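Every letter in the sequence shown is one number past the one before it in numbering that gives the first Met the number 0, and letter 136, counting from 1, is 135. We treat Cβ as the ideally placed atom computed from N, Cα and C, and that holds for glycine. No experiment lies behind these values; they were computed from the predicted model shown. As structure tokens, the structure follows; a few thoughts come after it.
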Amino acid sequence: MDFIDTVKNRHSTRDFDERPVSEQTINEIIRVAALTPSWANDQIWKVEVAKGNSLKQIKNMHQLYSQNGKTMSYEFPPLHRESMGTQGRSNVSTWSNDLYKYLKDEPSTMQNKSNNLFNAPAIAYLLMPKKSSLWSAYNLGAFGQTLMLAASNLGVSSMPAAEFVGYPQQLHKILNVSDEYQFGMGIGLGYLNEKSKINSFRSKRMNLNQFLTIHD
Ligand SMILES: Cc1cc2nc3c(=O)[nH]c(=O)nc-3n(C[C@H](O)[C@H](O)[C@H](O)COP(=O)(O)O)c2cc1C
Numbered sequence: 000m001d002f003i004d005t006v007k008n009r010h011s012t013r014d015f016d017e018r019p020v021s022e023q024t025i026n027e028i029i030r031v032a033a034l035t036p037s038w039a040n041d042q043i044w045k046v047e048v049a050k051g052n053s054l055k056q057i058k059n060m061h062q063l064y065s066q067n068g069k070t071m072s073y074e075f076p077p078l079h080r081e082s083m084g085t086q087g088r089s090n091v092s093t094w095s096n097d098l099y100k101y102l103k104d105e106p107s108t109m110q111n112k113s114n115n116l117f118n119a120p121a122i123a124y125l126l127m128p129k130k131s132s133l134w135s136a137y138n139l140g141a142f143g144q145t146l147m148l149a150a151s152n153l154g155v156s157s158m159p160a161a162e163f164v165g166y167p168q169q170l171h172k173i174l175n176v177s178d179e180y181q182f183g184m185g186i187g188l189g190y191l192n193e194k195s196k197i198n199s200f201r202s203k204r205m206n207l208n209q210f211l212t213i214h215d
């Protein structure tokens, strides 16, 4: 696929269909993601992919906790939108208003899809050591984007979501991950459910003149 098409074809997929992603495809995607640059080539990433039974366990836990209103506690410290700078706060507000308007006939869709982890048949959890700097988070973010583009290039849809890593203590237990690592992000992988309205929603982007300055 042409590079620009690969980039444009990627968008957050909030409802996957039942088709599984083969282990071969997962390996292919991660092999490309591993080409991501990193600080002095430190390659701090660790990837745990949950599918099959381990994912079933995670989904059961997630549903139970979210339906009972258990507060999420991420290992990456989150920033409440009220504490964000104006640029981020304004974009988040535009995004959630647009999404709310788009789903006005079915307002519970987002919550349902989130509680069910977007029906993803596989989740790639991206971890980095607890002893890390912001540079490591930069590396991990770049890894995540390469991963999603590699998936897009193979016709595999993806969903980057903090929702996946909202109950990290349980993830450590289920996936048997050492406390020396922290769960940074989860990326759902699978095939798009074309009948689902939420999958046709597209988030807007700012105009270049809102964030770009070229200095001569
Ligand atoms: C770090 C990060 C966390 C995110 N967490 C969630 C989430 O928990 N739930 C969700 O529905 N979308 C989540 N998203 C998806 C964003 O809303 C989405 O990337 C953004 O609106 C741009 O849309 P696009 O991915 O379709 O281009 C997350 C994205 C990123 C990069």
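The alpha helix (DSSP H) that contains residue i, what's its start and end?
i      : result
Tyr99  : 85-101
Pro167 : 167-174
Asn114 : 108-114
Asp4   : 2-8
Thr24  : 22-32
Would you report the Cα separation of residue i and residue j, rounded to the nearest angstrom?
i      : j      : result
Ser21  : Met0   : 20 Å
Asn198 : Lys50  : 22 Å
Gly87  : Glu81  : 10 Å
Ser195 : Gln42  : 37 Å
Gln56  : Ser177 : 18 Å
Met205 : Ser107 : 28 Å
Lys112 : Asn118 : 7 Å
Tyr124 : Met147 : 13 Å
Thr12  : Met158 : 5 Å
Val46  : Ala149 : 15 Å
Leu191 : Asp215 : 44 Å
Thr212 : Lys7   : 24 Å
Ile3   : Ser156 : 16 Å
Asp16  : Pro120 : 8 Å
Along the beta strand (DSSP E) that carries residue i, what are the first and last residues, could you check?
i     : result
Lys45 : 45-50
Run through the DSSP bridge pairs and tell me what residue i is partnered with.
i      : result
Ala123 : Val48, Ile186
Ala160 : Gly185
Tyr137 : For Tyr137, which the question treats as bridged, DSSP gives no partner whatsoever.
Tyr64  : None; Tyr64 has no bridge partner.
Please classify residue i: is it buried, with 16 or more other beta-carbons within 10 angstroms of its beta-carbon, or exposed?
i      : result
Pro167 : buried
Tyr99  : exposed
Ala39  : exposed
Pro77  : exposed
Glu162 : buried
Gly68  : exposed
Using the beta-carbon of each residue, find all residues closer than 5 Å to any heavy atom of ligand 1 and list them in chain order. One residue after another in chain order, those with a Cβ under 5 Å from a heavy atom of ligand 1 are His10, Ser11, Pro159, Ala160, Ala161, Glu162, Ser202.
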